[in-house]
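Anchor point for the sequence shown: position 157 equals 157 in my numbering, and the numbering is continuous, going up by one each time. Have a look at the structure below, then the notes.
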Amino acid sequence: MTKRIAIVEDEPELAELMRDYLQQAGYRTRIFDNGATALAAFRQDRPDFIVLDLMLPGMDGVMLCRELRAFSDVPVMMVTARVEEVDRLIGLETGADDYLCKPFSPRELVARVKAILRRPRQPELEGAEFRIDKQGRRVEVRGLAIDLTPTEFLLLSTLIEHPGQIFSRAKLLDIACPDDLDVTDRAVDSHIKNLRKKLAEFFPEADLIQSVYGVGYRFELP
Ligand code: CA
Numbered sequence: 001m002t003k004r005i006a007i008v009e010d011e012p013e014l015a016e017l018m019r020d021y022l023q024q025a026g027y028r029t030r031i032f033d034n035g036a037t038a039l040a041a042f043r044q045d046r047p048d049f050i051v052l053d054l055m056l057p058g059m060d061g062v063m064l065c066r067e068l069r070a071f072s073d074v075p076v077m078m079v080t081a082r083v084e085e086v087d088r089l090i091g092l093e094t095g096a097d098d099y100l101c102k103p104f105s106p107r108e109l110v111a112r113v114k115a116i117l118r119r120p121r122q123p124e125l126e127g128a129e130f131r132i133d134k135q136g137r138r139v140e141v142r143g144l145a146i147d148l149t150p151t152e153f154l155l156l157s158t159l160i161e162h163p164g165q166i167f168s169r170a171k172l173l174d175i176a177c178p179d180d181l182d183v184t185d186r187a188v189d190s191h192i193k194n195l196r197k198k199l200a201e202f203f204p205e206a207d208l209i210q211s212v213y214g215v216g217y218r219f220e221l222p
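See the structure below:
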């Protein structure tokens with residue numbers, strides 16, 4: 001079935017450019033030029049994907065995304081004009097699935113939309129490569145336990161449970177050391193480095209924990 005993509009963007013030229021490329025890629029599209037109208041429409045009829053501009057007249061993208069998450073888990077790609085905003089957006093835990101900075105190439109947009117729509121919404125970890133044993137604080141790959149420190153367990157199990165989601169270093173720090181105010185972002189990088197090494201023993205070909213430039217990390221299931 002043809003997937004339907006809503007474009008919420010108040011700059012008509014940009015909205016039309018995105019529409020043209022997404023339609024060429026085989027999607028059906030609908031453009032909204034403000035947040036309130038879009039949200040009202042989404043309550044009635046849910047699209048399969050939403051491209052959401054951050055700065056909108058009236059209700060902005062952050063507010064819209066939060067309201068939307070109360071009744072729908074449709075994938076959302078947030079679009080922002082400033083790369084510095086991305087960190088803040090992720091810190092706000094808006095519930096967006098991905099972020100794109102203006103100016104972007106329409107091809108990049110189409111590629112990211114396709115990738116997200118291919119992703120299973122509820123990760124089916126059972127039967128997949130990973131099993132998380134919360135009680136035993138173990139992560140197993142194909143029945144073999146990965147030798148993890150308690151901090152590494154917290155980080156890896158969180159990442160595995162949210163494949164494709166971008167986590168900022170600050171958020172990972174919160175997860176790994178909720179009570180420790182002295183640790184720095186660099187500590188996260190060093191834990192991630194160790195995790196990558198341990199994962200590479202099981203998946204030598206794959207880069208499961210990916211760096212997202214200037215922001216943090218995301219995990220992709222093999
Ligand atoms: Ca705008």
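The C-beta atom is built at its ideal place from N, Cα and C for all residues, glycine as well. Quick caveat, the model's predicted, so the values are computed rather than measured.
From the DSSP output, in three-state form, read off residue i for me.
i	result
residue 126	Bear in mind that the predicted position of residue 126 carries a pLDDT of just 45, short of 50, making it unreliable; the figure below should be weighed with that in mind. Looking at residue 126 - three-state DSSP - the assignment turns out to be coil, as it is neither helix nor strand.
residue 60	coil
residue 202	helix
residue 50	strand
residue 148	coil
residue 119	coil
residue 240	There is no way to answer for residue 240, as the model of the chain reaches only from 1 to 222.
residue 174	helix
residue 73	coil
residue 111	helix
residue 288	Examination of residue 288 is not possible in this model, given that the chain is present from 1 through 222 alone.
residue 158	helix
residue 21	helix
residue 184	coil
residue 38	helix
residue 179	coil
residue 225	The requested residue 225 does not occur in the structure, where the chain is confined to residues 1 to 222.
residue 96	coil
residue 189	helix
Check the DSSP bridge columns for residue i and list the partner residues they point to.
i	result
residue 101	80
residue 217	167 and 211
residue 32	8
residue 133	138
> What residues does ligand 1 have around it, judged by CB closer than 5 Å to any heavy atom, in chain order?
Replying inline: 10, 53 and 55
> Counting Cβ pairs closer than 8 Å, one from the stretch 139 to 158 and one from the stretch 167 to 180, do we hit at least three?
Replying inline: yes
>> Using 8 Å as the cut-off, can you tell me whether the stretch 201 to 208 makes contact with the stretch 165 to 173, which would need three or more C-beta pairs spanning the two stretches below that distance?
In response: no
> For the 8 Å Cβ check, are there 3 or more pairs between the stretch 72 to 90 and the stretch 184 to 202?
Replying inline: no
> Do three or more CB pairs link the stretch 19 to 28 to the stretch 57 to 66 at distances below 8 Å?
Replying inline: no
>> Three or more C-beta pairs under 8 Å: does that hold for the stretch 34 to 50 against the stretch 5 to 12?
In response: yes
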